[in-house]
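If you're matching positions, the sequence shown starts at 232 in our numbering and goes up one per residue.
The beta carbon of each residue, even a glycine, is placed where N, CA and C say it ideally should be.
Presented below is the structure to which this report refers.
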Amino acid sequence: MALSSWLVTTTNEEVAVTVSGLYGGRPRRRDRQQEAIELMLDRDAIAVNIDGPGSVINRMVLEQEEGRGPIHVCDGSNLLEPMGNAGDPCGCPESLFGRKAAARSGHGPKPDSRLAFRLAAAPGVGMFVLVSSSWAFFDSLSAAVLDMERGASGARMEIRLQRKVVTTRSGMAVSYVHPILSVAEPDFVAPGHLQLVA
Ligand SMILES: [Zn+2]
Numbered sequence: 232m233a234l235s236s237w238l239v240t241t242t243n244e245e246v247a248v249t250v251s252g253l254y255g256g257r258p259r260r261r262d263r264q265q266e267a268i269e270l271m272l273d274r275d276a277i278a279v280n281i282d283g284p285g286s287v288i289n290r291m292v293l294e295q296e297e298g299r300g301p302i303h304v305c306d307g308s309n310l311l312e313p314m315g316n317a318g319d320p321c322g323c324p325e326s327l328f329g330r331k332a333a334a335r336s337g338h339g340p341k342p343d344s345r346l347a348f349r350l351a352a353a354p355g356v357g358m359f360v361l362v363s364s365s366w367a368f369f370d371s372l373s374a375a376v377l378d379m380e381r382g383a384s385g386a387r388m389e390i391r392l393q394r395k396v397v398t399t400r401s402g403m404a405v406s407y408v409h410p411i412l413s414v415a416e417p418d419f420v421a422p423g424h425l426q427l428v429a
């Protein structure tokens with residue numbers, strides 16, 4: 232389920248305080264027994280540093296039931312696993328519509344994206360990992376990896392929550408939130424310049 236804002240989880244209290252100071256949010260422990268500290272950020276856009284294509288794992292995965300491992304792992308067109316079949320056409324539908332329909336019915340894989348990054352405003356606090364099953368995030372990661380492979384890496388990137396409100400036939404407004412990775416705007420440098428999107 233998509234959250235409506237960024238949720239940061241850390242076991243390090245100092246990291247939680249630094250992140251809270253930069254992007255808002257009140258650090259709190261999930262429960263007394265656990266080490267994890269959570270905070271929901273007040274910002275939609277976060278400037279990040281990404282080392283290169285190796286920081287991205289972007290796959291489409293169909294899991295078996297009962298955690299017996301994946302039965303289909305591909306990039307949308309070609310198999311990524313098992314190693315012996317890597318590169319073979321995977322047979323997924325070409326259209327996004329077809330892929331989404333297959334995933335919804337349980338016959339096709341859905342995105343499994345992981346992005347490792349540092350906060351541009353505080354690279355010293357360490358590495359974060361963003362995990363998402365959003366189709367939009369999958370597409371934005373694919374595009375970013377292509378750019379990085381073409382040598383356009385090193386550009387300041389940002390992760391951003393995109394909000395979309397769709398009105399259903401019955402007139403009900405439904406809002407969707409999904410993350411995307413994109414090249415940051417040129418003036419998007421200091422944390423003080425972070426744009427708030429309502
Ligand atoms: Zn496939």
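What are the partner residues of residue i, as DSSP defines its beta bridges?
i: Leu310; result: Cys305
i: Ala276; result: Arg391
i: Ala404; result: Thr398
i: Val239; result: Leu270
i: Arg260; result: Ile268
i: Val178; result: Any answer about residue 178 is impossible in this case: the structure gives the chain only from 232 up to 429.
Would you tell me roughly how many angstroms separate the C-alpha atoms of residue i and residue j, rounded to the nearest one?
i: Val248; j: Ala353; result: 12 Å
i: Pro258; j: Trp366; result: 29 Å
i: Val279; j: Met379; result: 14 Å
i: Tyr407; j: Arg381; result: 32 Å
i: Met403; j: Lys395; result: 14 Å
i: Gly355; j: Arg349; result: 8 Å
i: Leu425; j: Ala351; result: Because Leu425 carries a pLDDT of 47, less than 50, the predicted location of this residue cannot be relied on, and no value is offered for it.
i: Arg261; j: Ile268; result: 6 Å
i: Asp273; j: Gly298; result: 35 Å
i: Asp370; j: Glu245; result: 34 Å
i: Tyr254; j: Val405; result: 26 Å
i: Thr240; j: Met358; result: 12 Å
i: Val304; j: Leu310; result: 6 Å
i: Val397; j: Gln295; result: 33 Å
i: His338; j: Leu293; result: 8 Å
i: Ser251; j: Asn243; result: 12 Å
i: Gly256; j: Gly315; result: 46 Å
i: Gly285; j: Gly322; result: 26 Å
State the DSSP-derived secondary structure class of residue i, mapped to helix, strand or coil.
i: Glu297; result: helix
i: Glu269; result: strand
i: Thr399; result: coil
i: Leu253; result: helix
i: Ser413; result: strand
i: Ser286; result: helix
Would residue i pass as a contact of residue j if the rule is Cβ separation under 8 Å?
i: Ala412; j: Leu327; result: Note on identity: in this sequence residue 412 is Leu, with Ala being the wrong assignment. Contact flag unset, no.
i: Arg335; j: Gly307; result: no
i: Met271; j: Ser236; result: yes
i: Ser364; j: Pro340; result: no
i: Val287; j: Val414; result: no
i: Asp282; j: Arg391; result: no
i: Pro324; j: Ala333; result: yes
i: Pro301; j: Phe368; result: no
i: Asn289; j: Leu372; result: yes
Do residue i and ligand 2 come close, with the Cβ less than 7 Å from some heavy atom?
i: Pro354; result: Ligand 2 is not part of the structure shown, which contains ligand 1 as its ligands.
If you scan the region 313-396 from start to end, which runs of the beta strand (DSSP E) of 3 or more residues do you find wholly inside it? 341-350, 358-363
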